[in-house]
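First up is the structure itself, then whatever we jot down about it.
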Amino acid sequence: MSNGKDEAFSLEALKAGDRTEFARLVEANYELVYRLAIRMLNDPQDAEDVLQETFLKALRGLNNFDGRSSLSTWLYRIATNEALMALRRRKPDMVSTDEPVETEEGEQEPVQIVDWGLLPEEELMSVEAQRYLSEAIDRLSPSLRAVFVLRDIQGLSTQETGEVLNLSETAVKTRLSRARLRLREDLSGYFGEKLAREKLAIEKLAIEKHAEGKHVK
Amino acid sequence: MKGEECRHLLRLLSEYVDGTLEEQLCAELEHHLADCQDCRVVVDTLHRTVYLYHQSVTQSSVPEGVRQRLFRRLNLDDIIGNSG
Chain C
328 MSNGKDEAFS LEALKAGDRT EFARLVEANY ELVYRLAIRM LNDPQDAEDV
378 LQETFLKALR GLNNFDGRSS LSTWLYRIAT NEALMALRRR KPDMVSTDEP
428 VETEEGEQEP VQIVDWGLLP EEELMSVEAQ RYLSEAIDRL SPSLRAVFVL
478 RDIQGLSTQE TGEVLNLSET AVKTRLSRAR LRLREDLSGY FGEKLAREKL
528 AIEKLAIEKH AEGKHVK
Chain E
827 MKGEECRHLL RLLSEYVDGT LEEQLCAELE HHLADCQDCR VVVDTLHRTV
877 YLYHQSVTQS SVPEGVRQRL FRRLNLDDII GNSG
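Structure (structure tokens):
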């Protein structure tokens, strides 16, 4: 995968059960796997379970690893499947990884046209805003969420994301587009409200000043 | 976001903010954006959305103890699991 860490590992040693080599593999990848899991699940305990399950499965499955994908793609695949299974356990009727790729007509039309990009950076990056960003991911369907997290959070390429999820590049692009548009819509509601409150406060202040001015005269 | 053209161009916006949209479509989109305030807002806020998520990644870290418990679970804590 793009981080180029694979070259550093001996597949032969890993398959032969070399514990030191496996420990190195874990060391190099556990943060990536945890980050994927926490973004998919938004729950530290569930994310830690997925992290541990991923490497336990990797350890057991190493002998069947065919080397067609890179080791990190393989780990991502195990981790993504574990996270999707965890989601399925939460909401049994909601998860389907093979959700049909929707056509242009299926695209959600933007209704929120508020230019909240004007808000100051500290407001956009506040702790409260960060929490909202995570919750917004939670509201995506699992199949859109997986693509968004792999592409925009983990920084995988379209091709790599397709390999992990067993999707065509076109399907990855379509899902990413839908996920981003939905998040934009969601964030627009949240930040739009903040912007409106701020404008109201400024207007109120202006009216008060105006009234004060009149009073002095 | 009222017109037929806006709806048609919506699917291009994701690749547009990535800078990977092919030249001809890019020109078509920019031509439309020049005259459509609503679509400009959608593009700007879509761009912002992607940017905010990219930024939030650099802030997130793995909680203390996670690494150690992982190595213990894998029976690898005798190797390098104790240093963090």
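Residue numbers (the working numbering), protein chains in the order written: chain C, 328 to 544; chain E, 827 to 910.
Beta carbons: idealized from backbone N, C-alpha and C, even for Gly.
CB of arginine 866(E) within 9 Å of CB of leucine 514(C), strictly
Here the question's residue 866(E) lines up with position 40 in the second sequence. Here the question's residue 514(C) lines up with position 187 in the first sequence. Contact annotation: arginine 866(E) and leucine 514(C) have beta-carbon atoms that are not nearer than 9 Å.
Tell me, please, whether the CB atom of valine 441(C) is closer than 9 Å to any CB atom in chain E?
To locate residue 441(C), count along the first sequence from 1; it is residue 114. Closer than 9 Å: yes.
How about aspartate 844(E) and valine 876(E): do their beta carbons lie closer than 9 Å?
If you number the second sequence from 1, residue 844(E) lands on position 18. If you number the second sequence from 1, residue 876(E) lands on position 50. A distance below 9 Å separates the beta carbons of aspartate 844(E) and valine 876(E).
Interface partners of isoleucine 405(C) on chain E, CB under 8 Å:
Looking up residue 405(C) in the first sequence gives position 78. The premise fails here: isoleucine 405(C) is roughly 14 Å from chain E at the closest Cβ pair, so nothing lies under 8 Å.
Does glycine 540(C) get closer than 9 Å to chain E when you measure Cβ to Cβ?
Indexing the first sequence from 1 puts residue 540(C) at position 213. For glycine 540(C), the answer is no, since every Cβ of chain E falls outside 9 Å of its Cβ.
Assuming phenylalanine 897(E) is part of the alpha helix (DSSP H), what are its boundary residues?
Position 71 of the second sequence, counted from the first residue, corresponds to residue 897(E). Taken as a continuous stretch (DSSP letters only), the alpha helix (DSSP H) holding phenylalanine 897(E) covers 892-899.
Using a C-beta to C-beta distance shorter than 7 Å, which residues of chain C count as neighbours of leucine 878(E)?
Reading the second sequence from its first residue, position 52 is the one you call residue 878(E). Those are Leu451, Leu460, listed as they occur along chain C.
Can you list, in chain order, the residues of its chain whose CB lies under 7 Å from that of glutamate 380(C), leaving out five sequence neighbours each side?
Position 53 of the first sequence holds residue 380(C). Hits under 7 Å: Glu409.
Spatial neighbours of tryptophan 401(C) in its chain, beta-carbon cut-off 7 Å, leaving aside the 5 residues before and after
The sequence position of residue 401(C) within the first sequence is 74, counting from 1. Non-local C-beta neighbours of tryptophan 401(C) in its own chain, meaning closer than 7 Å and more than five positions away in sequence, comprise Phe392, ordered along the chain.
Exposure of leucine 855(E), with buried meaning 16 or more beta-carbon neighbours within 10 Å:
By one-based count along the second sequence, residue 855(E) stands at place 29. So leucine 855(E) counts as buried.
By the 10 Å Cβ neighbour count, where 16 or more other Cβ atoms means buried, how is asparagine 356(C) classified, buried or exposed?
Counting from 1 along the first sequence, the entry for residue 356(C) is found at position 29. It counts as buried.
Answer yes or no: does any C-beta atom of chain E fall closer than 9 Å to that of proline 469(C)?
The count along the first sequence starts at 1 and reaches residue 469(C) at position 142. Cβ-Cβ to chain E under 9 Å: no for proline 469(C).
Measuring only the C-alpha atoms, how far is lysine 354(C) from glutamine 850(E)?
Walking along the first sequence from the start, residue 354(C) turns up at place 27. Walking along the second sequence from the start, residue 850(E) turns up at place 24. Per the sequence shown, the amino acid found at residue 354(C) is glutamate instead of lysine. Looking at the two C-alpha atoms, the distance is approximately 45 Å.
C-alpha distance - proline 889(E) paired with glutamate 375(C), whole-angstrom precision
Translated into the one-based positions of the second sequence, residue 889(E) becomes position 63. Translated into the one-based positions of the first sequence, residue 375(C) becomes position 48. Their backbone Cα atoms lie some 10 Å apart in a straight line.
Residue interval of the alpha helix (DSSP H) (run including proline 371(C))
Counted from its first residue, the first sequence places residue 371(C) at position 44. Counted as a single uninterrupted DSSP element, the alpha helix (DSSP H) harbouring proline 371(C) occupies residues 371-388.
Contact between the segment 441-451 of chain C and the segment 518-530 of chain C: three or more CB pairs below 8 Å?
The way I'd put it, the segment 441-451 of chain C does touch the segment 518-530 of chain C; three or more beta-carbon pairs between them come closer than 8 Å.
With alanine 473(C) and methionine 367(C) assumed to form a contact (beta carbons below 8 Å), what rounded beta-carbon distance in angstroms separates them?
Your numbering for residue 473(C) matches position 146 in the first sequence. Your numbering for residue 367(C) matches position 40 in the first sequence. Yes, alanine 473(C) and methionine 367(C) are in contact; Cβ-Cβ is about 7 Å, under 8 Å.
Short CB-CB distance (under 9 Å) between aspartate 465(C) and chain D:
Annotation note: the requested chain D is absent from the structure, which comprises protein chains C and E.
The alpha helix (DSSP H) enclosing alanine 343(C), as first and last residue numbers
Counted from its first residue, the first sequence places residue 343(C) at position 16. Alanine 343(C) -> no alpha helix (DSSP H), and no H or E assigned at all.
So, for tyrosine 403(C): in the same chain, excluding its five sequence neighbours on each side, which residues have a beta-carbon less than 6 Å away from its beta-carbon?
Mapped onto the first sequence, residue 403(C) falls at position 76. Once the five neighbours on either side are set aside, the close Cβ partners of tyrosine 403(C) are Val491.
Any Cβ of chain C within less than 9 Å of the Cβ of glutamine 850(E)?
Position 24 of the second sequence, counting from 1, holds the residue named residue 850(E). Chain C, which has no Cβ nearer than 9 Å to the Cβ of glutamine 850(E), makes this no.
Helix, strand or coil for leucine 359(C)? Go by DSSP, reduced to three states.
Counting from 1 along the first sequence, the entry for residue 359(C) is found at position 32. Here leucine 359(C) carries a helix assignment [DSSP, helix/strand/coil].
So, is the C-beta of phenylalanine 349(C) closer than 9 Å to a C-beta in chain E?
To locate residue 349(C), count along the first sequence from 1; it is residue 22. Any Cβ of chain E closer than 9 Å to the Cβ of phenylalanine 349(C) would place that residue at the interface, and such an atom is present.
Please confirm if the segment 494-505 of chain C is in contact with the segment 855-864 of chain E, defined as three or more CB-CB distances below 8 Å between the two stretches.
Counting Cβ pairs under 8 Å, fewer than three are found: no touch.
Alpha carbon of glutamate 830(E) to alpha carbon of leucine 510(C), nearest angstrom
Within the second sequence, numbered from 1, the residue matching residue 830(E) stands at position 4. Within the first sequence, numbered from 1, the residue matching residue 510(C) stands at position 183. Linking glutamate 830(E) to leucine 510(C) through their CA atoms gives a straight-line distance of about 22 Å.
Measuring CA to CA, which of Leu847(E), Ser882(E), Val868(E), Ile905(E) is closest to valine 454(C)?
By one-based count along the first sequence, residue 454(C) stands at place 127. Per the Cα distances, Ser882(E).
Does the beta-carbon of arginine 507(C) have 16 or more other beta-carbons within 10 angstroms, so that it is buried, or is it exposed?
Here residue 507(C) refers to the residue found at position 180 of the first sequence. Burial call: buried.
Leucine 836(E) versus Leu451(C), Ser484(C), Leu503(C), residue with shortest Cα-Cα distance
For the purposes of this step, residue 836(E) is taken as the residue at position 10 of the second sequence. Among Leu451(C), Ser484(C), Leu503(C), the Cα nearest to that of leucine 836(E) belongs to Leu503(C).
Is DSSP giving isoleucine 905(E) helix, strand or coil here?
Working through the second sequence from its first residue, we reach residue 905(E) at position 79. In this structure, isoleucine 905(E) counts as coil in the three-state DSSP scheme.
Contacts of isoleucine 480(C) in chain E (Cβ-Cβ under 7 Å):
Counting from 1 along the first sequence, the entry for residue 480(C) is found at position 153. Ordered by position in chain E, the residues that pass the 7 Å Cβ test against isoleucine 480(C) are Tyr879, Val883.
Within 10 angstroms of the Cβ of leucine 363(C), are there 16 or more other Cβ atoms? Answer buried if so, exposed if not.
Position 36 of the first sequence holds residue 363(C). Around the beta carbon of leucine 363(C), 16 or more other beta carbons lie within 10 angstroms, which makes this residue buried.
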